[in-house]
Structures are given as C-alpha cells and as structure tokens.
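Below is one structure; the comments refer to it alone.
Protein chains: 2
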Amino acid sequence: MESKEIIKILRDRGLKVTVQRLATCKYVLARQDHPSADQIYSALKIDYPTISLGTIYKTLSLMKDLHLVQELGFKDGTIRYDPNLNLHINLVCTSCGKIHDYKPENIEVIWKKLLSNLHVKPEGQRVDIYYKCSDCL
Amino acid sequence: MESKEIIKILRDRGLKVTVQRLATCKYVLARQDHPSADQIYSALKIDYPTISLGTIYKTLSLMKDLHLVQELGFKDGTIRYDPNLNLHINLVCTSCGKIHDYKPENIEVIWKKLLSNLHVKPEGQRVDIYYKCSDCL
DNA sequence: GTAACTGCAAACGCTTTGCACTCCC
DNA sequence: GGGAGTGCAAAGCGTTTGCAGTTAC
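Going down the list, the protein sequences come from chains A and B.
For what it's worth, this note's numbering labels the leading residue of the first sequence as 1, then goes sequentially.
For what it's worth, this note's numbering labels the leading residue of the second sequence as 1001, then goes sequentially.
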C-alpha cells in the first residue's frame, strides 16, 4: 500500500499522520512474514533511531482497529502481525519461527466445501501449517 | 483416556505418578474446549485444594513433550491446551473465548486437496474459525 | 493554540524458574 | 533412602498504561 493511501485512511478517521505512524504502517503492510512488534522496532530503529516500542504497539493496535492487520498469537507468547486478511495459509517454521504466506489454487472453493455443513457465520479464520523451512532442515 | 493408560504412559517414561499429575492429565484430556492453565487450576482446586499453578504448568509442559497436547497461542497472550492432535477446526468465539472442536465430513480428503501443491512436509497444523457463539450473539 | 501523539518508564498478566520440603517407588 | 515432584514466591518477558513533553493541523 502506498503512503498516499495510508495517509488517507488515517485522515479519514481524524487521526494524525506522524512519521512514526506512517513508517510503522508502511513497514507492516509491505511484509509477508508477519513480524513481531520487536522485529518491527529493530527494523525501524535504523531509519528512525528515536522511535519507541510503545509507539509501535500503539500504532499496531490502531491498525488492528482499522482492520489493516490481524493479530496472530503464538505459543511462545508473542504476537505477530499479519496484513493479509484474505483466506491464506501461514507456513510457520517450527525452528526459526519464520512465517510466509501460501495461497493454494482454488483455496476459496476448497474452503467453502470444508465449511458447507457449518451452521455459524465465520468472522474470520486462521490456518497455520507447521514445518521446517529449508534453512532449518 | 483412562487413568490406567495415563499411568502407563508416565511410567514408561520413568516419570512418577502423583495425584496432581494424574488429575491434570485426566482433566485436560477429557476436555474439548481447550482450557487455559488458569481454567485448569480453577477447576482442579475444588477437588485438590493445595494444587499449585506452577505444578499445572509443569505438567502441561510434560504433556506437550509426551505429545498428549498441542499448545495454541491466542492474541490476548494466553496459551490454551488442545488434546486433539488430529486434523480438526477450532471454533473460537470472539466474545467469550470459548472454543470447541469441529470435524467436518471428509476433512482429511479436502485438506489433502488443499495441500496437494505444497512442496514441504507438514509437521502439524492449526485451523481456527472465529465467530460469535450462541450465548454471545 | 490545542488536542493528539511520542518516548520513557513503570505496571501488568501470563509463564517459567529456583529452592526447600515432600512423597513416590 | 534417594531422587523426582510439589508448592510457593520471585523472576522473566512481551505487552499495556500513564504522563510530561512535543508536534500535527
């Protein structure tokens, strides 16, 4: 997503556009590896040395409210931020924790079949597959 | 799972069978709502008033090592314990946090189709669907 | 100008750890 | 009897909160 779009989303909600916010949004939305708050902090500190972890958490909470990201809790107690709200599979390496998205052909069709007898209205979903990535094998 | 079986699993690994361990294992393995450590603690305190949360965490860690449960991290930072290691869907209420398992007909067949083009070896999976349960609607 | 935002540090909640005491085998 | 397990309390760690100072508008 371009800066222009992000700025519009923030302004439309009456939120102020700060360099910290814009940088955090741009970074998270561009990533497909679902970084943790700390990973985002480490990455942004290079270009924005005075940014604080607290501000990043506040921005992430904002992004959640704006439906720009989904939070994924993991068993090590950390939360990772996924900007892909569409149906997809998270391939999670059980050794290094790296994640990347996988979108099979026809996932929507197959998914619909899976839920055809489910008598509740889903608000969202999370699909993880655990494996060892090529670096960790 | 019966006490007898649990005792065998523990003994086979050279682990001691204590009332606290047996109670924790029996409770978790009988549940389908994936309780948190604190929920297990509250439930067991009634019959075992001196049991401690620390012991429950240690037993849960043991059960994970014995492949009796899977840990599920959630975005509120809590971990819940799922004794169902087979392919299934966790129906998670976004209001009250209650979970129950759902196993569609032919889930294995459909799942296999979903992964037919995936060129990695899955070690396990997690499938959540978020919704509002009947009590929270 | 002022209300919202930042950075810092303290607080918070869940989980893990350390240790003296206890109990299974 | 001895080593593993328990209960308690302290420590650990990711996240949230509160507040004085700063900045977008």
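Think of the CB as a built atom: it goes at the ideal place given N, C-alpha and C, for glycine as much as any other residue.
Item	Value
Within chain B, the residues that L62(A) reaches when beta carbons sit closer than 9 Å	Correct list: empty, because the minimum Cβ distance to chain B is about 15 Å.
Cutoff 8 Å: R1126(B) Cβ touching any chain A Cβ	yes
Residues bridged to E1071(B) [DSSP beta-bridge criterion]	Y1081(B)
Chain B within 8 Å of Y102(A), Cβ atoms only	yes
Top-ranked residue by Cα proximity to A1030(B), from K1008(B), V1069(B) and E1123(B)	V1069(B)
is_contact[E1071(B), chain A] using C-beta, thresh 8 Å	yes
Closest residue to K58(A) among L22(A), D135(A) and H34(A) (Cα-Cα distance)	L22(A)
Close-in-space but distant-in-sequence residues of the same chain around K103(A) (CB under 6 Å, 5 per side omitted)	H88
Listed by chain order, chain A residues near T1094(B) by CB distance under 7 Å	E123
DSSP state of V1138(B) mapped onto helix, strand, coil	With chain B covering 1001 to 1137 only, the question about residue 1138(B) has no answer from this structure.
Continuous alpha helix (DSSP H) stretch holding L66(A): start and end	Where L66(A) is concerned, there is no enclosing alpha helix (DSSP H), given that its DSSP letter is neither H nor E.
For N1090(B), the residue or residues it bridges with in DSSP	D1101(B) and D1128(B)
Residue of V120(A), N84(A) and I129(A) minimising C-alpha distance to L1072(B)	I129(A)
Sequence-distant residues of the same chain with beta carbon closer than 7 Å to I1040(B), five excluded per side	T1024, Y1027, V1028 and I1056
Residue nearest to L66(A) in terms of C-alpha spacing, selected from L53(A), R13(A), S3(A) and S42(A)	R13(A)
Burial state of F1046(B) (16 or more Cβ within 10 Å)	The sequence shown places Ile at residue 1046(B), not Phe. Exposed, because fewer than 16 other Cβ atoms sit within 10 Å of the Cβ of I1046(B).
Beta bridge counterpart(s) of S42(A) as assigned by DSSP	DSSP lists no partner for S42(A).
Nearest neighbour of P83(A), chosen from V17(A), T50(A) and L60(A) [CA to CA]	L60(A)
Proximal residues of chain B, C-beta to C-beta of Y130(A) below 8 Å	P1122, E1123, G1124, Q1125 and R1126
Integer Cβ distance of I99(A) from N90(A), believed to fall under 8 Å	5 Å
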